[in-house]
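J.: Quick note on the working numbering: the sequence shown kicks off at 102 and runs consecutively.
I'd like to ask you about the structure that follows.
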Amino acid sequence: MIRKRQSAERGGARSAEQDAGRTPGRSGEREDPRKRGAERGGGSPAGRRNRSASHEGPERPEVVVAPAREDAVSRALLIQAAQVLGPVLEFSHPADVVISRYFRENRELGQRDRSFVAETVYGIVRRLRWLRRLAGSDARPRELLLAWLARGEGWPMRRFEGLVSPVEMEWISSLKASALDEGSLGERTDLPDWLAERLASQYDEAELAALAHGLNRPAPLDLRVNVMKADRDKTLAALKASGFDASACPLSPHGVRMAGKPALQKHPLFLDGSVEVQDEGSQLLGFLLQPRRGELVVDFCAGAGGKTLHLGAMMRSTGRLYAFDVSEKRLAKLKPRVARAGLSNVHPVLIAHERDQKVKRLAAKADRVLVDAPCSGLGTLRRNPDLKWRQSPESVAEMVVKQAAILASAARLVRPGGRLVYATCSLLKDENDGIVDAFLAAHPDFFERDASDVLSGQGVELATGERLRLFPHRHDTDGFFAAVLERAEVR
Numbered sequence: 102m103i104r105k106r107q108s109a110e111r112g113g114a115r116s117a118e119q120d121a122g123r124t125p126g127r128s129g130e131r132e133d134p135r136k137r138g139a140e141r142g143g144g145s146p147a148g149r150r151n152r153s154a155s156h157e158g159p160e161r162p163e164v165v166v167a168p169a170r171e172d173a174v175s176r177a178l179l180i181q182a183a184q185v186l187g188p189v190l191e192f193s194h195p196a197d198v199v200i201s202r203y204f205r206e207n208r209e210l211g212q213r214d215r216s217f218v219a220e221t222v223y224g225i226v227r228r229l230r231w232l233r234r235l236a237g238s239d240a241r242p243r244e245l246l247l248a249w250l251a252r253g254e255g256w257p258m259r260r261f262e263g264l265v266s267p268v269e270m271e272w273i274s275s276l277k278a279s280a281l282d283e284g285s286l287g288e289r290t291d292l293p294d295w296l297a298e299r300l301a302s303q304y305d306e307a308e309l310a311a312l313a314h315g316l317n318r319p320a321p322l323d324l325r326v327n328v329m330k331a332d333r334d335k336t337l338a339a340l341k342a343s344g345f346d347a348s349a350c351p352l353s354p355h356g357v358r359m360a361g362k363p364a365l366q367k368h369p370l371f372l373d374g375s376v377e378v379q380d381e382g383s384q385l386l387g388f389l390l391q392p393r394r395g396e397l398v399v400d401f402c403a404g405a406g407g408k409t410l411h412l413g414a415m416m417r418s419t420g421r422l423y424a425f426d427v428s429e430k431r432l433a434k435l436k437p438r439v440a441r442a443g444l445s446n447v448h449p450v451l452i453a454h455e456r457d458q459k460v461k462r463l464a465a466k467a468d469r470v471l472v473d474a475p476c477s478g479l480g481t482l483r484r485n486p487d488l489k490w491r492q493s494p495e496s497v498a499e500m501v502v503k504q505a506a507i508l509a510s511a512a513r514l515v516r517p518g519g520r521l522v523y524a525t526c527s528l529l530k531d532e533n534d535g536i537v538d539a540f541l542a543a544h545p546d547f548f549e550r551d552a553s554d555v556l557s558g559q560g561v562e563l564a565t566g567e568r569l570r571l572f573p574h575r576h577d578t579d580g581f582f583a584a585v586l587e588r589a590e591v592r
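Listed below in structure tokens is the structure:
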């Protein structure tokens with residue numbers, strides 16, 4: 102490591118690194134995902150959002166521009182990247198919150214510089230175990246940054262000239278020549294040991310390696326076409342006419358995949374509600390629920406409302422669609438999105454917890470209920486790589502208790518003959534099959550429908566088995582699980 106050099110040399114490098122490790126102020130902090138669902142009264146149905154996270158994508162399309170030119174990275178920009186990385190690696194707050202806060206406090210950074218900082222920090226968080234093996238287990242933010250640029254991004258030595266000290270140049274040169282042994286399972290997969298072991302109990306070695314590789318890659322930018330206002334072919338044509346490289350998503354009939362991550366928040370299609378940002382896998386939940394015109398539908402864990410908007414459009418703005426959430430702030434953000442989407446059937450409802458009287462009033466009245474449950478979010482590591490370091494066996498165990506309570510409460514709303522979809526963006530059996538199996542054992546009036554059959558009946562051909570299972574390395578979506586349950590008719 103750099104700081105193990107002789108002390109006279111170390112002094113100069115250290116001062117820059119200390120500057121690079123300054124922690125920005127803590128104003129504007131957002132909720133810890135391990136506490137979601139427990140804000141008021143325990144297991145709340147909508148203490149939900151993993152973040153922009155989430156698999157619905159950001160509430161507004163993120164602004165991501167072309168990577169910084171080789172001659173555009175300055176010594177100051179490297180210091181700023183390390184300044185952001187330091188507090189991110191504390192893992193006390195979501196990475197996107199820390200990064201956004203830094204950008205608000207440093208408005209002199211242009212879009213290109215912001216893109217470099219954000220993408221670099223996310224790259225380091227994705228490959229943190231590998232980088233710490235290269236740079237040392239106690240490597241400081243600047244050392245991890247230089248290791249990432251040298252080995253992760255493949256910068257040639259000449260590109261570091263003028264940006265780092267002679268001591269750092271020597272260290273980078275030795276780093277480029279170093280080799281690592283195979284390492285432990287967690288080190289090979291860039292996952293915490295506990296998570297690597299959990300997944301190893303579910304998948305064979307080759308499958309786990311492929312899954313880990315998929316989770317450690319950036320996610321694509323997917324859009325959902327609002328069928329109330331547009332159709333996919335015309336949307337694709339409009340995007341291409343605007344100079345974007347766009348293609349139809351292979352699974353979702355409403356999905357569009359963008360090449361790269363272009364800035365779309367000022368595009369007319371976004372401004373008029375013709376498109377929303379939503380991962381293709383998340384879009385499939387709407388097809389599993391299959392809401393129809395005139396029905397009474399409940400999105401039990403609405404969050405920021407991405408799936409609510411999809412359901413409302415599938416209902417053609419008819420019937421009644423209740424969006425439950427425990428967060429007044431999230432529901433406030435949903436309202437302008439509903440207006441932009443041209444929906445009049447969405448009714449946001451603030452609740453205190455899953456047993457709220459407002460929930461009980463709909464007992465046995467709903468035709469369809471979606472439970473996109475609060476979860477560990479470990480299927481979204483492509484977008485939220487810090488979650489693997491912020492979750493733990495204990496936080497997952499707490500989440501499982503909440504998920505069971507939420508599903509049981511949501512089930513009470515389903516009328517005989519109605520449908521209940523339970524979904525998570527987790528990869529862990531405890532949060533998925535374990536919850537559904539226990540629910541079915543305790544609720545003999547519910548039975549399971551084959552998810553593949555439900556999708557096939559709507560033109561979505563996806564052989565996932567009885568329950569929906571999506572993976573980044575197989576389907577290029579976030580990791581998703583869903584089960585389709587129906588309440589038996591009364592005889």
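Even glycine gets a Cβ: it sits at the ideal position worked out from N, Cα and C.
#1: When DSSP builds the beta bridges, which residues end up paired with histidine 448?
#2: Do glycine 480 and cysteine 526 have their C-beta atoms within less than 8 Å of each other?
#3: Taking the C-alpha atoms as reference points, what is the distance between glycine 315 and glutamate 308?
#4: Residues in the same chain with beta-carbon distance under 7 Å from phenylalanine 582, minus the five sequence neighbours each way, listed in chain order, please.
#5: Count the other CB atoms within 10 Å of the CB of leucine 372; is the residue buried (16 or more) or exposed (fewer)?
#6: Comparing C-alpha positions only, which one of Leu482, Pro517, Phe345 and Ser418 sits nearest to arginine 592?
#7: Specify the secondary structure class of alanine 307 as computed by DSSP and reduced to three states.
#8: What are the start and end residues of the alpha helix (DSSP H) that includes proline 267?
#9: How far does the alpha helix (DSSP H) with glycine 187 in it extend, from its first residue to its last?
#10: Classify valine 174: buried if its beta carbon has 16 or more other beta carbons within 10 angstroms, exposed otherwise.
#11: Excluding five sequence neighbours on each side, which residues of the same chain lie with their C-beta closer than 7 Å to the C-beta of glutamate 396?
#12: Please state whether the Cβ-Cβ distance between arginine 606 and proline 319 is less than 8 Å.
#13: Since proline 517 is in the beta strand (DSSP E), which residue starts that stretch and which ends it?
#14: Could you tell me whether the stretch 380 to 392 touches the stretch 351 to 367, using the rule of 3 or more Cβ pairs below 8 Å?
#15: Where valine 185 and isoleucine 200 are concerned, what is the direct C-alpha to C-alpha distance, given to the nearest angstrom?
#16: Using a threshold of 8 Å, state whether the C-beta atoms of phenylalanine 217 and leucine 178 are closer than that.
#17: Taking its Cβ as the centre, do 16 or more other Cβ atoms sit within 10 Å of valine 502, making it buried, or is it exposed?
#18: Express the C-alpha separation of leucine 463 and leucine 451 in angstroms, rounding to a whole number.
#19: Taking C-alpha atoms, which residue in His544, Ala347, Ile180 and Ser193 lies nearest to leucine 210?
#20: Phenylalanine 371 bridges to which residues according to DSSP?
#21: How about leucine 322 and lysine 367: do their beta carbons lie closer than 8 Å?
#22: Taking the C-alpha atoms as reference points, what is the distance between leucine 370 and alanine 512?
#23: Which one or two residues does DSSP pair with aspartate 323 in a beta bridge?
#24: Given 8 Å as the limit, is there contact between the stretch 553 to 565 and the stretch 503 to 510, that is, 3 or more CB pairs closer than that?
#25: Let me confirm a value: methionine 258 is counted as buried when at least 16 other C-beta atoms fall within 10 Å, else exposed. Which label applies?
#26: Just to confirm my understanding: we take alanine 117, look at its own chain, exclude 5 residues before and 5 after, and list those with CB closer than 6 Å. What are they?
#27: Inspect the beta-carbon positions of leucine 435 and glycine 478 and report whether they are closer than 8 Å.
#28: Rounded to whole angstroms, what is the Cα-Cα separation between alanine 465 and phenylalanine 540?
#29: According to the Cβ coordinates, are alanine 584 and valine 515 closer than 8 Å?
#30: Excluding the 5 residues preceding and the 5 following aspartate 531 in the sequence, name in chain order all residues of the same chain whose CB lies nearer than 7 Å to its CB.
#31: Three-state secondary structure (DSSP) at alanine 433?
#32: With alanine 512 as the anchor, note down where its alpha helix (DSSP H) starts and where it stops.
#33: In the DSSP assignment, what are the bridge partners of leucine 397?
#34: Specify, as a first and last residue, the run of the alpha helix (DSSP H) that phenylalanine 288 falls within.
#35: Could you tell me whether the stretch 441 to 459 touches the stretch 271 to 286, using the rule of 3 or more Cβ pairs below 8 Å?
#36: Helix, strand or coil, according to DSSP, for arginine 69 in the structure here?
T.: Reading it off the structure:
#1: In the sequence shown, counting from the first residue as 1, residue 448 sits at position 347. The partner list for histidine 448 (beta bridge, DSSP) reads Tyr423.
#2: Position 379 of the sequence shown, counting from 1, holds the residue named residue 480. Position 425 of the sequence shown, counting from 1, holds the residue named residue 526. Result yes, Cβ atoms of glycine 480 and cysteine 526 sit closer than 8 Å.
#3: By one-based count along the sequence shown, residue 315 stands at place 214. By one-based count along the sequence shown, residue 308 stands at place 207. In a straight line, the C-alpha of glycine 315 is about 11 Å away from that of glutamate 308.
#4: By one-based count along the sequence shown, residue 582 stands at place 481. Once the five neighbours on either side are set aside, the close Cβ partners of phenylalanine 582 are Ala524, Thr525, Ser527, Asn533, Arg568, Leu569 and Arg570.
#5: As a first step, residue 372 must be located in the sequence shown, where it is residue number 271. Exposed, since its Cβ has fewer than 16 Cβ neighbours within 10 Å.
#6: Numbered from its first residue, the sequence shown carries residue 592 at position 491. In terms of CA proximity to arginine 592, Pro517 leads the group Leu482, Pro517, Phe345 and Ser418.
#7: What you label residue 307 is simply residue 206 of the sequence shown in a count that begins at 1. Helix, per DSSP.
#8: One-based indexing of the sequence shown puts residue 267 at position 166. Unbroken alpha helix (DSSP H) run through proline 267: 267 to 278.
#9: Here residue 187 corresponds to residue number 86 of the sequence shown, with the count starting at 1. Element bounds for glycine 187: 176 to 189.
#10: Counting from one through the sequence shown, the residue named residue 174 turns up at place 73. Valine 174 is buried by the Cβ-count criterion.
#11: Locating residue 396 in the sequence shown gives position 295, where the first residue counts as 1. Excluding residues within five positions, the ones whose Cβ falls inside 7 Å are Met416, Gly420, Asp468 and Arg469.
#12: Since the first residue of the chain shown is 102 and the last is 592, residue 606 is not available in this structure.
#13: Start at 1 with the first residue of the sequence shown, and residue 517 comes out as number 416. Where proline 517 is concerned, the enclosing beta strand (DSSP E) starts and stops at 515 to 525.
#14: yes
#15: Translated into the one-based positions of the sequence shown, residue 185 becomes position 84. Translated into the one-based positions of the sequence shown, residue 200 becomes position 99. Pairing valine 185 with isoleucine 200, the inter-Cα distance amounts to about 6 Å.
#16: Start at 1 with the first residue of the sequence shown, and residue 217 comes out as number 116. Start at 1 with the first residue of the sequence shown, and residue 178 comes out as number 77. Contact flag set, yes.
#17: Within the sequence shown, the letter at position 401 stands for residue 502. Exposed, since its Cβ has fewer than 16 Cβ neighbours within 10 Å.
#18: For the purposes of this step, residue 451 is identified with residue 350 of the sequence shown, where counting begins at 1. For the purposes of this step, residue 463 is identified with residue 362 of the sequence shown, where counting begins at 1. A direct Cα-to-Cα measurement between leucine 451 and leucine 463 gives close to 14 Å.
#19: By one-based count along the sequence shown, residue 210 stands at place 109. Per the C-alpha coordinates, the member of His544, Ala347, Ile180 and Ser193 positioned closest to leucine 210 is Ile180.
#20: Mapped onto the sequence shown, residue 371 falls at position 270. Paired residues: none, contrary to the question.
#21: Here residue 322 refers to the residue found at position 221 when the sequence shown is read from its first residue. Here residue 367 refers to the residue found at position 266 when the sequence shown is read from its first residue. Going by C-beta atoms, leucine 322 is not nearer than 8 Å to lysine 367.
#22: Sequence index remark: in the sequence shown, residue 370 carries index 269 (1-based). Sequence index remark: in the sequence shown, residue 512 carries index 411 (1-based). So the two alpha carbons sit approximately 37 Å from each other.
#23: Counted from its first residue, the sequence shown places residue 323 at position 222. Answer by DSSP bridge pairing, in chain order: Arg358.
#24: no
#25: As a working note, residue 258 is residue 157 in the sequence shown. Residue environment analysis places methionine 258 among the exposed positions, since fewer than 16 neighbouring C-beta atoms fall within 10 angstroms of its C-beta.
#26: As a working mapping, residue 117 is identified with position 16 in the sequence shown. Confidence is the limiting factor: at alanine 117 the pLDDT is only 33, short of 50, which leaves the residue's position unreliable and the question unanswerable from this model.
#27: Position 334 of the sequence shown, counted from the start, is the residue given in the question as residue 435. Position 377 of the sequence shown, counted from the start, is the residue given in the question as residue 478. It is not a contact, given that the beta carbons lie outside the stated cut-off.
#28: What you label residue 465 is simply residue 364 of the sequence shown in a count that begins at 1. What you label residue 540 is simply residue 439 of the sequence shown in a count that begins at 1. Cα-Cα distance, rounded: 17 Å.
#29: Looking up residue 584 in the sequence shown gives position 483. Looking up residue 515 in the sequence shown gives position 414. No, the Cβ-Cβ distance between alanine 584 and valine 515 is not below 8 Å.
#30: Here residue 531 refers to the residue found at position 430 when the sequence shown is read from its first residue. Same-chain partners within the cutoff: Val497 and Val501.
#31: The count along the sequence shown starts at 1 and reaches residue 433 at position 332. The answer is helix: DSSP assigns alanine 433 an H, G or I state.
#32: Mapped onto the sequence shown, residue 512 falls at position 411. Taken as a continuous stretch (DSSP letters only), the alpha helix (DSSP H) holding alanine 512 covers 494 to 512.
#33: Taking the first residue of the sequence shown as 1, we reach residue 397 at position 296. Beta-bridge pairing links leucine 397 to Arg421.
#34: Sequence index remark: in the sequence shown, residue 288 carries index 187 (1-based). According to the sequence provided, residue 288 is glutamate. The question's phenylalanine does not apply to it. Start and end: 286 to 290.
#35: Contact between the stretch 441 to 459 and the stretch 271 to 286 is not established, with fewer than three Cβ pairs separated by less than 8 Å.
#36: Residue 69 lies beyond the range of the chain shown here (102 to 592); nothing can be said about it.
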